[in-house]
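**Student:**
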Amino acid sequence: MRIRSLMITMVGVAVAGASVYASKEFLQVQPATASIEQNPGLVSVVVAGQDIGFGTTIEGHKLTTIMWPAEAVPPGTFENFSTLLPQNGDDPRRAKRAMAQGELVLANKVSDFGEKVTITQTLGKNTRAMAISVNAQTSVGGFVTPGDTVDILLTQGGGDSLRAVTILQNIRVVGVDQQADEMNEQANVAKTVTVEVTPEEGQKLALAQQAGRLSLTLRTLDSVVDEPMESIRLSDIIRDKSPTEEGPKMTVKVRRGATAMEEVEVAEREDELQIVN
1 MRIRSLMITM VGVAVAGASV YASKEFLQVQ PATASIEQNP GLVSVVVAGQ
51 DIGFGTTIEG HKLTTIMWPA EAVPPGTFEN FSTLLPQNGD DPRRAKRAMA
101 QGELVLANKV SDFGEKVTIT QTLGKNTRAM AISVNAQTSV GGFVTPGDTV
151 DILLTQGGGD SLRAVTILQN IRVVGVDQQA DEMNEQANVA KTVTVEVTPE
201 EGQKLALAQQ AGRLSLTLRT LDSVVDEPME SIRLSDIIRD KSPTEEGPKM
251 TVKVRRGATA MEEVEVAERE DELQIVN
């Protein structure tokens, strides 16, 4: 019995010693593992934790932080909330651009503390905001929203002199009535649409509004090459026959050689006939 008890005691001491040694090794390895997981190539950046609309206040519950590759961090990012949120009762910052959830919060997308945010902050360099009158028919049934791009057409004259021409192409819509939030996709029938134009385009648009009726055509998201377009008159689309209808073909008989005769088609021109070979 004594030998058995001694052996049990020795085994217990050995197990306890092994446990202490294992615990010591774990505590020594744990900090090294944590430092590896932190990855020195990543830094913390602030992103939108939810969709943030144009002009809304920047608040802590709307933000979050994620890890970002240090070599790919764009200029103007915020590493934490301290420089982004107001301190000591200061007025908050506001969104100068609409931001989607997960989007980087950059300095050029937010105002200074207490700064007023208006549609002016959405305009590009040396551009202007100009409003035009529209209705359901001239604004694509109300489906034009802030952030869309449109072409602007002018319809002018009356009777046989009625004509239409595209005066501006690829124009960005910055506001619909009093709504300038590009995150708002709700379609509304507007009375005015505000567009972003250059000073020269603004002059053309001002004259066009006085000359006739303006209409908008909503452009595709796919990139296209804009080309100058000729005006179209009413006489160009009103014809005696459908554009796809072919009239009777004019033919003549032509002698081939001494005795052979062949019937060929001719194309009519203004002052002459041309044989189509």
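Residues in the sequence shown are numbered consecutively from 1, following UniProt numbering.
All residues carry an ideal CB built from backbone N, CA and C; glycine is no exception.
Report the three-state DSSP secondary structure of ILE238 (helix, strand or coil).
**Tutor:** Coil.
**Student:** Can you find the residues in the same chain that come closer than 6 Å, C-beta to C-beta, to ALA107, ignoring five residues on each side of it along the sequence?
**Tutor:** GLY76, listed in sequence order.
**Student:** Please work out which residues of its chain come closer than 8 Å, Cβ to Cβ, to SER231, disregarding the five sequence neighbours upstream and downstream, and give them in chain order.
**Tutor:** Excluding residues within five positions, the ones whose Cβ falls inside 8 Å are ARG163, ALA164, VAL165.
**Student:** Write down the C-beta distance between ILE171 and VAL195 rounded to the nearest angstrom, noting that I regard them as a contact closer than 8 Å.
**Tutor:** That pair is a contact at about 5 Å.
**Student:** Apart from the five residues on each side of it in sequence, which residues of its chain come closer than 6 Å, Cβ to Cβ, to ALA70?
**Tutor:** Around ALA70: GLY41, VAL43.
**Student:** For THR122, which three-state DSSP category applies?
**Tutor:** Residue state, collapsed to three classes: helix.
**Student:** What residue range is occupied by the uninterrupted alpha helix (DSSP H) comprising GLU71?
**Tutor:** It is not in any alpha helix (DSSP H) - GLU71 carries neither H nor E in the DSSP assignment.
**Student:** Would THR192 and ALA131 qualify as a contact pair, given that the criterion is a beta-carbon distance under 8 Å?
**Tutor:** Result yes, Cβ atoms of THR192 and ALA131 sit closer than 8 Å.
**Student:** Can you tell which of ALA211, PRO199, ILE167 has the C-alpha that lies nearest to the C-alpha of ASP226?
**Tutor:** Among ALA211, PRO199, ILE167, the Cα nearest to that of ASP226 is on ILE167.
**Student:** What are the start and end residues of the beta strand (DSSP E) that includes GLU196?
**Tutor:** GLU196 -> beta strand (DSSP E) spans 192-197.
**Student:** Measuring CB to CB, does PHE78 end up less than 8 Å from VAL117?
**Tutor:** Not in contact: PHE78 and VAL117 (Cβ atoms no closer than 8 Å).
**Student:** Which residue wins for smallest C-alpha separation from MET99, given the options PRO92, VAL110, ASP91?
**Tutor:** For MET99, the nearest C-alpha among the options comes from VAL110.
**Student:** Mind checking whether ILE119 and LEU214 have CB atoms under 8 Å apart?
**Tutor:** Their beta carbons are not under 8 Å apart, which means ILE119 does not touch LEU214 by this criterion.
**Student:** Could you give the DSSP three-state label for ALA48: helix, strand or coil?
**Tutor:** Residue state, collapsed to three classes: strand.
**Student:** If the criterion is Cβ atoms closer than 8 Å, does the pair GLY49 and GLN101 meet it?
**Tutor:** Yes; because the gap between Cβ atoms is below 8 Å, this pair is in contact.
**Student:** Thinking C-beta only, is GLY147 closer than 8 Å to VAL173?
**Tutor:** Yes.
**Student:** Work out the CA separation of LYS96 and ALA208 for me, nearest whole Å.
**Tutor:** Each residue's alpha carbon lies about 31 Å from the other.
**Student:** Hey, quick one: how far does the beta strand (DSSP E) through VAL174 stretch, first residue to last?
**Tutor:** VAL174 -> beta strand (DSSP E) spans 163-176.
**Student:** So ALA131 is in the beta strand (DSSP E); what residue range does that whole segment cover?
**Tutor:** Looking at the DSSP string, the run of the beta strand (DSSP E) that includes ALA131 is 128-133.
**Student:** For GLY175, does the count of other Cβ atoms within 10 angstroms reach 16, so buried, or fall short, so exposed?
**Tutor:** With 16 or more Cβ atoms within 10 Å of its Cβ, GLY175 is classed as buried.
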